[in-house]
Amino acid sequence: MHLRTEVITVDDGLPQGLVHTMLQDRQGFLWMGTKDGLARYDGYHFMVFRNDAADSSSICGNRVNTLFEDRDGLIWAGNEMGCVSAYDPRTGRARSYDSPPTLLLRQDSIGRAWMISSTGKVLVLDRRSGSRAFRPAKDLFAAWPGIENAVDLEVEDNGRIWIADVQALWCLAPEADDLRVVSRQDLPSCTDPIDEPISFNLIPDPRHKRYLLAACDDLLQVRWSDGKLASIAKPGASPIRWGHLLDAKGRLWCWLFDRQLVRMDTATGAVEWVELDVQANDPLLAHLGQRPVLVDRQGNVWLGSAGYGAFRVQASAERFHVREPMGYLVSNDPEGRYLITAQDFHALDGPDPWTAPMRTRIDALRASRYLLDGGEVDRLGRLWLNVSIQDAGRNLIHVVDRDGEVLPVPLGDRSCQQILSVRDGLLMVCASSGPLAEVDELLLIDPLDRQVRKRFPVPRLLVTDDYRPIGSSTIAPDGTIWMGTVAGLFALDPRTGAWRSWVKGPEGTGQLPGDMVLATCLDPAAPDRYLWIGMEGQGLARLDQRSGELKRWTTENGLPNNVVYAIVPDDAGMLWMSTNRGLCRFDPRTGAMRVFTKEHGLPGNEFNRYSAARSRNGTMYFGGIDGTVSFDPAVFAADTVPSSTLITRLRLMNKVVSYRSDPELLPTPISQARELVLPYDTRMITFDLASTDHTAPALNEFRYQLEGLDTTWVESGTAHEATYTNLDPGHYTFRVQSRNSAGVWDRQGAALTLIITPPWWGTWWFRSLIVLIVAGLLYAFYRYRLAKALEVARVRDRIARDLHDEIGSTLSSVALYSEVALREGGANGNSGTLELIGESTSQMMESMNDIVWAVNSKNDDLLHVARRMKAFAARLTEAAGIALDFHFDEALAERPLSMMQRKNLYLVFKEAVNNAVKHSGAARITVRFFQEQGEYVLQVEDDGSGFEEAGLVIAADNGRGNGLGNMRTRANEMKGRIHLDPVPGNGTRVELRFDP
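Residue numbers for the sequence shown follow this note's numbering, so the first one is 1 and each next one is one higher.
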């Protein structure tokens with residue numbers, strides 16, 4: 001068995017080529033013990049741990065020859081020069097213990113570490129007691145049975161300890177601080193070719209709850225249930241030197257004395273020889289006696305070597321079986337019984353169906369001047385061969401029966417270019433005229449009498465210089481024959497002879513993007529509706545047979561290549577397509593794709609046209625440049641388990657940051673970190689990513705998102721790093737998911753909280769200080785404005801008092817004196833003058849009272865304005881014998897007005913009321929003050945005679961007008977507007993509107 005094998009050497013970062021031992025930890029990292037340190041591998045990079053004399057937390061020695069992971073996740077590394085280190089991946093620190101050179105390490109059920117030394121001694125370390133050294137088991141346990149030449153040790157799930165020495169198999173049971181010997185069973189004697197004793201080692205088989213032991217010509221088992229040792233097989237091979245491990249399929253990998261690797265069926269003892277197909281330039285790397293040391297979680301087998309690196313045998317590659325190249329033509333009969341090539345016929349499953357005379361006839365035709373160019377098998381088991389005669393330029397049909405006789409098929413002057421199987425056992429022949437390779441009609445032939453039943457002229461000439469005229473044919477449930485040809489897609493109804501065609505046309509017209517159709521396939525779930533089409537250079541298309549709608553998939557949608565040679569459905573409804581870049585499995589329900597390439601075990605990535613077949617049992621065959629590959633598609637349906645995603649390295653400005661050298665930035669290993677705090681001047685941050693699927697790391701894909709910056713996932717493909725630059729200070733969460741080589745996404749992924757600290761001027765305390773300072777300044781400014789406002793109010797009040805006390809009292813005296821003079825001097829004829837003085841003085845006093853009232857800050861609210869307005873209106877209307885209705889919205893009582901607003905509002909009101917009293921002849925005056933649509937509204941309305949607005953006198957200062965001009969001026973000062981609604985004979989309404 002040739003197995004695809006990759007080699008990992010020092011060129012890939014391995015510190016040294018001699019790999020003694022390996023393990024895969026619970027995170028998914030691979031650990032390798034070498035002679036130059038302990039190496040951790042993530043599929044892309046190595047991290048090497050070595051002894052550092054100045055660092056007590058480093059491992060104690062570099063020559064690591066045994067590894068073990070305990071229940072707490074510690075990695076125990078034994079050293080062939082003596083000492084053992086227990087490395088904690090969570091802290092990145094190791095603790096070392098004294099010991100002799102090690103051979104093996106294990107842990108028992110109560111946490112004690114057990115070791116077999118290179119001399120076969122059994123030693124124990126009990127960390128519970130604080131011990132820093134391994135002690136001989138005989139010094140710790142009184143009942144120790146005296147085992148001195150141990151070669152292997154395993155701990156059963158129930159705590160029992162099994163030890164194999166060169167002569168016997170021991171079973172021990174821990175009891176308190178001692179041991180009890182459960183059993184001792186002799187092992188068969190076994191020696192190598194020079195009579196040196198060969199020991200049996202214990203190979204755990206948890207699936208069957210047993211241990212296996214293999215050496216020389218015997219395979220033994222000891223079941224955990226009864227502890228009985230028994231022989232179960234006698235391998236039929238050269239003597240076994242060492243049994244190593246069980247792979248994922250339960251096969252035992254062994255190393256023979258001649259340094260040959262074999263795999264053994266543990267049920268039968270059947271041996272399969274293993275040849276490593278090493279993907280490297282040096283062919284000698286396949287014959288170096290590699291020793292299997294690990295089976296990873298994907299089932300890959302890893303082998304160590306004596307100086308040439310680590311070797312990975314890809315488990316998934318065995319799903320593909322490769323045959324030698326069979327030419328460009330590979331197809332099968334409708335029943336899936338025969339694999340048909342251009343040169344020969346093979347049974348896909350079961351015995352060869354061809355008789356000896358048939359084989360003889362085929363060989364004779366091949367040896368003569370005839371060239372075989374494929375064919376078909378009829379329902380009688382006869383071969384219909386498309387035969388071309390050399391130098392004749394014409395193709396004939398030869399029917400070879402079971403007796404080897406060649407039966408003629410009368411085609412007249414027609415030449416056969418291709419033979420197809422159609423429904424009801426009939427055959428379809430692509431016919432052309434004479435030597436020209438131009439198919440102009442299809443002939444429907446009944447193979448029973450070899451006569452043409454129907455002829456169908458093709459709607460478009462099929463030119464066949466380099467290609468088969470019909471690359472693929474598919475029969476729909478309604479009998480329609482769908483044909484992918486060199487001239488487009490054709491559909492023929494054989495009952496009526498009607499054709500439909502799809503040829504190259506503009507996008508959006510329902511036509512094809514190209515004429516060369518290589519593959520056709522009915523949709524597995526809806527064969528009566530959808531047809532899948534593979535094209536040369538135009539990718540994949542789905543045709544809706546009802547609506548004619550065409551939908552395409554290309555490399556932009558995930559196809560590996562836009563040349564689709566063949567489409568074959570499997571039993572699960574998936575479509576398998578061959579391309580120039582591997583095989584593609586396509587889910588027609590979701591559009592999901594999975595691509596298989598040489599990295600997965602294919603012989604090559606480039607396939608051929610007309611080279612696809614499926615047998616009755618579901619096995620698929622695809623022919624390519626490097627051979628024909630066969631596989632069972634059902635085995636890939638089990639690939640549903642995701643692989644964990646890891647963040648493996650941190651780089652700042654492209655420099656690797658290590659928890660060992662940069663603990664202030666990275667206190668723990670990045671794979672264990674949950675939070676990362678970086679300064680604001682970190683300009684570029686790079687995270688290295690990995691998937692724990694080590695099958696083909698180059699095929700693993702990633703997507704990531706930095707929450708707080710990215711709104712969607714960033715699809716990075718196979719690039720295994722994520723870089724961010726110039727991040728603003730703040731809290732972010734970095735998330736990453738990976739898709740393994742099986743195409744399964746790890747939806748949980750890995751996450752890391754990222755905190756970018758702000759500069760000192762961007763810290764919370766600095767911002768808080770700025771807020772406090774600004775708040776203090778604003779408060780001080782407020783206090784200043786308040787003090788000024790209070791000062792202005794005091795000045796207004798003082799002015800009001802002074803006006804009232806000084807000027808008001810003087811005017812009152814003047815008015816009084818005028819009145820006295822009027823009484824005393826009326827007889828002298830001066831009464832008119834004195835009356836004017838008195839009237840003017842009264843008006844001045846009233847105006848002064850208005851000014852004093854307006855200046856006084858106690859009158860700043862609307863309630864005081866309303867009261868003064870009502871008092872003024874009541875005095876005038878009462879004197880004139882006019883009824884007054886005064887309406888004020890009490891909800892506005894406490895609303896403030898500025899001094900200017902109060903003055904202008906009051907004066908507009910006075911003017912309106914004065915006009916109504918003096919000029920309207922009204923019997924009633926109505927005053928309203930309310931708020932409407934955010935504006936204050938004053939309405940003064942009377943039921944008098946009204947007037948014509950055009951005849952109004954604007955000037956009020958001369959005492960002859962009604963003051964309308966003044967009212968508008970005062971309204972403008974308030975940023976308001978005056979509206980008059982005069983109706984002769986029906987009264988007048990004055991309305992003032994202004995903003996608060």
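Glycine included, each C-beta is placed from N, C-alpha and C at the ideal position.
Only a predicted model underlies this, so the values are computations on that prediction, with no experimental measurement involved.
Cα separation between V595 and T555? What you label residue 595 is simply residue 595 of the sequence shown in a count that begins at 1. What you label residue 555 is simply residue 555 of the sequence shown in a count that begins at 1. When rounded, the separation of the alpha-carbon atoms in V595 and T555 is 12 Å.
M47 by DSSP, collapsed to three states: which one? Your numbering for residue 47 matches position 47 in the sequence shown. It is a strand residue.
For A874, three-class secondary structure by DSSP: Taking the sequence shown and counting its residues from 1, one reaches residue 874 at position 874. A874 falls in the helix class under three-state DSSP.
Does G762 come out as helix, strand or coil in the three-state DSSP assignment? Here the question's residue 762 lines up with position 762 in the sequence shown. G762 carries a helical assignment under DSSP once its states are collapsed to helix, strand and coil.
To the nearest angstrom, how far is the alpha carbon of M900 from that of D710? Position 900 of the sequence shown, counted from the first residue, corresponds to residue 900. Position 710 of the sequence shown, counted from the first residue, corresponds to residue 710. Here the alpha carbon of M900 sits roughly 57 Å from the alpha carbon of D710.
Can you find at least 3 beta carbon pairs, one from the segment 688 to 699 and one from the segment 640 to 655, that sit closer than 8 Å? Judged by pairs of C-beta atoms under 8 Å, the segment 688 to 699 touches the segment 640 to 655, as three or more such pairs exist.
Relative to the C-alpha of W482, which residue among K454, C521, L444 and D466 is closest? As a working mapping, residue 482 is identified with position 482 in the sequence shown. The shortest C-alpha to C-alpha distance from W482 to any of K454, C521, L444 and D466 is the one to C521.
Out of curiosity, what's the CA-to-CA distance linking W273 and D265? Indexing the sequence shown from 1 puts residue 273 at position 273. Indexing the sequence shown from 1 puts residue 265 at position 265. If you draw a straight line from the Cα of W273 to the Cα of D265, it comes to about 12 Å.
Where does K598 fall in DSSP's three states? Working through the sequence shown from its first residue, we reach residue 598 at position 598. The answer is helix: DSSP assigns K598 an H, G or I state.
At what residues does the alpha helix (DSSP H) containing M1 begin and finish? Position 1 of the sequence shown, counting from 1, holds the residue named residue 1. No alpha helix (DSSP H) holds M1; DSSP gives it neither H nor E.
Do the segment 167 to 178 and the segment 186 to 204 touch if we need at least three Cβ pairs shorter than 8 Å? Yes: at least three Cβ pairs fall under 8 Å.
Mind checking whether G37 and V48 have CB atoms under 7 Å apart? On the sequence shown, position 37 is the one that residue 37 refers to. On the sequence shown, position 48 is the one that residue 48 refers to. Cβ atoms of G37 and V48: closer than 7 Å.
Which stretch, first to last residue, makes up the beta strand (DSSP E) that contains Y1011? Past the boundaries of the shown model lies residue 1011; the chain is included only from 1 to 996, so the question cannot be answered.
Can you pull the DSSP bridge partners for L125? Mapped onto the sequence shown, residue 125 falls at position 125. A113, per the DSSP bridge assignment.
Using the Cα positions of F929 and L769, report the straight-line distance between them to the nearest angstrom. In the sequence shown, counting from the first residue as 1, residue 929 sits at position 929. In the sequence shown, counting from the first residue as 1, residue 769 sits at position 769. Going by C-alpha positions, F929 is about 49 Å away from L769.
Any idea what DSSP makes of D957, helix, strand or coil? Reading the sequence shown from its first residue, position 957 is the one you call residue 957. Confidence at D957 is low in this model, with a pLDDT of 39, below 50, so the placement of that residue should be treated as unreliable; the coordinate-derived value is given next. Looking at D957 - three-state DSSP - the assignment turns out to be coil, as it is neither helix nor strand.
Go to P357, then tell me how far its alpha helix (DSSP H) extends in each direction, as first and last residue. The count along the sequence shown starts at 1 and reaches residue 357 at position 357. Unbroken alpha helix (DSSP H) run through P357: A356 to A367.
Does the Cβ-Cβ distance between L123 and T66 come in under 7 Å? Walking along the sequence shown from the start, residue 123 turns up at place 123. Walking along the sequence shown from the start, residue 66 turns up at place 66. Note that the C-beta distance between L123 and T66 is not below 7 Å.
Count the other CB atoms within 10 Å of the CB of N700; is the residue buried (16 or more) or exposed (fewer)? Within the sequence shown, residue 700 is the residue found at index 700, counting from 1. Buried: at least 16 other Cβ atoms inside 10 Å.
Span separating the alpha-carbon of E941 from that of L786: For this step, residue 941 is matched to residue 941 along the sequence shown. For this step, residue 786 is matched to residue 786 along the sequence shown. Between E941 and L786, the alpha-carbon positions lie close to 40 Å from each other.
Report all residues from its chain with a CB closer than 7 Å to the CB of N617; omit the five preceding and five following residues, and keep chain order. Against the sequence shown, residue 617 aligns to sequence position 617. Same-chain partners within the cutoff: D349.
Check whether the Cβ atoms of G92 and P669 lie closer than 7 Å to each other. Position 92 of the sequence shown, counting from 1, holds the residue named residue 92. Position 669 of the sequence shown, counting from 1, holds the residue named residue 669. With contacts defined as CB atoms closer than 7 Å, G92 and P669 qualify as a contacting pair.
When DSSP builds the beta bridges, which residues end up paired with A690? What you label residue 690 is simply residue 690 of the sequence shown in a count that begins at 1. Beta-bridge pairing links A690 to L646.
Let me know if S99 comes out buried or exposed under the rule of 16 or more other beta-carbons within 10 Å of its beta-carbon. Here residue 99 is taken as the residue at index 99 of the sequence shown, counted from 1. It is buried - the Cβ of S99 has at least 16 other Cβ atoms within 10 Å.
In this structure, what does DSSP give as the bridge partners for D88? For the purposes of this step, residue 88 is taken as residue 88 along the sequence shown, with counting starting at 1. In the DSSP assignment, D88 forms a beta bridge with R93.
Have a look at S109 and L153 and give me their C-alpha separation to the nearest angstrom. Here residue 109 refers to the residue found at position 109 when the sequence shown is read from its first residue. Here residue 153 refers to the residue found at position 153 when the sequence shown is read from its first residue. Counting only the Cα atoms, L153 lies some 14 Å from S109.
Quick one: residues in its chain with C-beta nearer than 8 Å to the C-beta of G488, no 5 flanking neighbours on either side, listed in chain order? For the purposes of this step, residue 488 is identified with residue 488 of the sequence shown, where counting begins at 1. R460, S501, W502, V503, K504, L512, D515 and V517.
Applying the criterion that 16 or more other CB atoms from any shown protein chain within 10 Å of the CB defines a buried residue, is N856 buried or exposed? Indexing the sequence shown from 1 puts residue 856 at position 856. Burial of N856 is indicated by the presence of at least 16 other C-beta atoms within 10 angstroms of its C-beta.
I'd like to confirm the pairing. Which residues does DSSP put opposite G37 in its beta bridges? Indexing the sequence shown from 1 puts residue 37 at position 37. Its beta-bridge partners are T34.
Under the DSSP definition of a beta bridge, which residues are partnered with G28? By 1-based counting over the sequence shown, the position of residue 28 is 28. As computed with DSSP, G28 is found in no beta bridge at all.
Three-pair Cβ contact test at 8 Å for the segment 241 to 253 versus the segment 292 to 303: Note that the segment 241 to 253 touches the segment 292 to 303; at least 3 beta-carbon pairs, one per stretch, sit closer than 8 Å.
Pick helix, strand or coil for I685, following the three-state DSSP scheme. Residue mapping note: residue 685 aligns to position 685 of the sequence shown, counting from 1. Residue state, collapsed to three classes: strand.
DSSP has C584 in a bridge; who is on the other side? By one-based count along the sequence shown, residue 584 stands at place 584. Looking at the DSSP output, C584 shares a beta bridge with M577 and V595.
Cβ shell of A566 (< 6 Å), same chain only, five flanking positions each side left out: Here residue 566 refers to the residue found at position 566 of the sequence shown. Correct list, in chain order: A519, S578 and A612.
Report yes if the CB atom of L543 is closer than 7 Å to the CB atom of L559, and no otherwise. In the sequence shown, the residue the question calls residue 543 occupies position 543. In the sequence shown, the residue the question calls residue 559 occupies position 559. No.
If we ignore side chains and look at the alpha-carbon of each, how far apart do F886 and A789 end up? Here residue 886 corresponds to residue number 886 of the sequence shown, with the count starting at 1. Here residue 789 corresponds to residue number 789 of the sequence shown, with the count starting at 1. Their Cα atoms are separated by approximately 33 Å.
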